[in-house]
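Peer 1: There's a structure below that I have some questions on.
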Amino acid sequence: DSGVTQTPKHLITATGQRVTLRCSPRSGDLSVYWYQQSLDQGLQFLIQYYNGEERAKGNILERFSAQQFPDLHSELNLSSLELGDSALYFCASSTYTGELFFGEGSRLTVL
Amino acid sequence: SQQGEEDPQALSIQEGENATMNCSYKTSINNLQWYRQNSGRGLVHLILIRSNEREKHSGRLRVTLDTSKKSSSLLITASRAADTASYFCATDENDYKLSFGAGTTVTVRA
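These protein sequences, in sequence, are chains A and B.
For the first sequence, my numbering gives the first residue as 193, with consecutive numbering after it.
For the second sequence, my numbering gives the first residue as -4, with consecutive numbering after it.
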């Protein structure tokens, strides 16, 4: 158990819909990262937050947005969903050492 | 885009044998990390090696880093069935963004 909690574990929705994925980092970790893993794209970095502030942005679509709240949990919002958005979405948190602790992921299926 | 690329893409070995996989990357790094992922699960951190280190050990794992060749290798000795997983290298393109390669899928046969 990494200490990082992600909900929901599985999500099935239709094209055009909007979903919110939630992540609670390990106790004491200030950084939260979001990654998307799909068969054709591999593990893609989306965005990172540190203590509530956006710190780095990767290949995140404009239809996607994220935030980190004062209690350090984070949410990833995916809107106008397309079939190609079906993937595993991982959240990870880290300390100053640089190693990431991953949650078990949220598997999104868009039909 | 992915910074690191693992080689081979897949590897099948007998229990007890050693498994070696390689990672090449493109830009300067501060550190390189290796992670393991069991099918459909979250990634688990294995080892971190800093750019000023050449070799590091952790249990049955040995990692080398050659910054002149921009490459790293992960050796798993005396493999077990439980080592069956995908292995990823990850590099920090800057202080905040950790980029992962496509991974090496290792199958350990009993």
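Just so you know, even glycine gets a beta-carbon here, dropped at the ideal spot from N, CA and C.
Might you give, ordered along the chain, the residues of its own chain that have their beta carbon closer than 8 Å to the beta carbon of ALA105/B, omitting 5 neighbours on each side?
Peer 2: Cβ neighbours of ALA105/B beyond the five flanking positions: GLU10 and ALA76.
Peer 1: For LYS92/B, would you say it is in contact with chain A, using Cβ-to-Cβ distances shorter than 8 Å as the test?
Peer 2: Yes, LYS92/B counts as interfacial toward chain A.
Peer 1: Which residues of chain A have a Cβ atom closer than 9 Å to the Cβ of GLN28/B, listed in chain order?
Peer 2: Here the neighbours are GLY290, GLU291 and LEU292.
Peer 1: Do you know offhand how far GLU48/B's Cα is from CYS18/B's?
Peer 2: Each residue's alpha carbon lies about 16 Å from the other.
Peer 1: Would you mind stating whether SER67/B and LEU60/B have Cβ atoms separated by less than 8 Å?
Peer 2: A contact, by the Cβ cut-off of 8 Å.
Peer 1: According to DSSP, is ALA206/A helix, strand or coil?
Peer 2: Three-state result, ALA206/A: coil.
Peer 1: Would you call the stretch 79 to 94 of chain B and the stretch 15 to 35 of chain B touching, i.e. three or more CB-CB distances under 8 Å?
Peer 2: Judged by Cβ distances under 8 Å, the stretch 79 to 94 of chain B makes contact with the stretch 15 to 35 of chain B, as three or more pairs qualify.
Peer 1: Applying the criterion that 16 or more other CB atoms from any shown protein chain within 10 Å of the CB defines a buried residue, is PRO200/A buried or exposed?
Peer 2: Per the 10 Å Cβ criterion, exposed.
Peer 1: Any idea if GLY(-1)/B is buried or exposed, counting beta-carbon neighbours within 10 angstroms, 16 or more meaning buried?
Peer 2: Buried.
Peer 1: Under 8 Å by Cβ, that's how I've got ARG218/A and SER285/A pegged, so tell me the actual separation to the nearest angstrom.
Peer 2: Yes, they are in contact, since the Cβ atoms of ARG218/A and SER285/A sit about 5 Å apart, within 8 Å.
Peer 1: Measure from the alpha carbon of ILE44/B to the alpha carbon of each residue in LEU203/A, GLY290/A, LEU300/A and GLY208/A, then state which is nearest.
Peer 2: ILE44/B has its Cα closest to that of GLY290/A, out of LEU203/A, GLY290/A, LEU300/A and GLY208/A.
Peer 1: Hey, does ARG36/B have any beta-carbon neighbour from chain A nearer than 8 Å?
Peer 2: It does: the Cβ of ARG36/B has a partner Cβ on chain A nearer than 8 Å.
Peer 1: What residues from the stretch 245 to 260 of chain A come within 7 Å of chain B, judged by C-beta to C-beta, listed N to C?
Peer 2: If the cut-off is 7 Å between Cβ atoms, the stretch 245 to 260 of chain A has ARG247, ALA248 and GLY250 near chain B.
Peer 1: With 8 Å as the threshold, decide whether the Cβ of ALA77/B is near any Cβ in chain A.
Peer 2: No, ALA77/B lies away from the interface with chain A (no Cβ there is under 8 Å from its Cβ).
Peer 1: Let's see if you can read the secondary structure: which residues bound the beta strand (DSSP E) around ARG49/B?
Peer 2: Looking at the DSSP string, ARG49/B is not in any beta strand (DSSP E), and its letter there is neither H nor E.
Peer 1: Sort SER278/A, GLN260/A and ASP263/A by Cα distance to LEU270/A and report the nearest one.
Peer 2: It is SER278/A whose Cα lies nearest to the Cα of LEU270/A.
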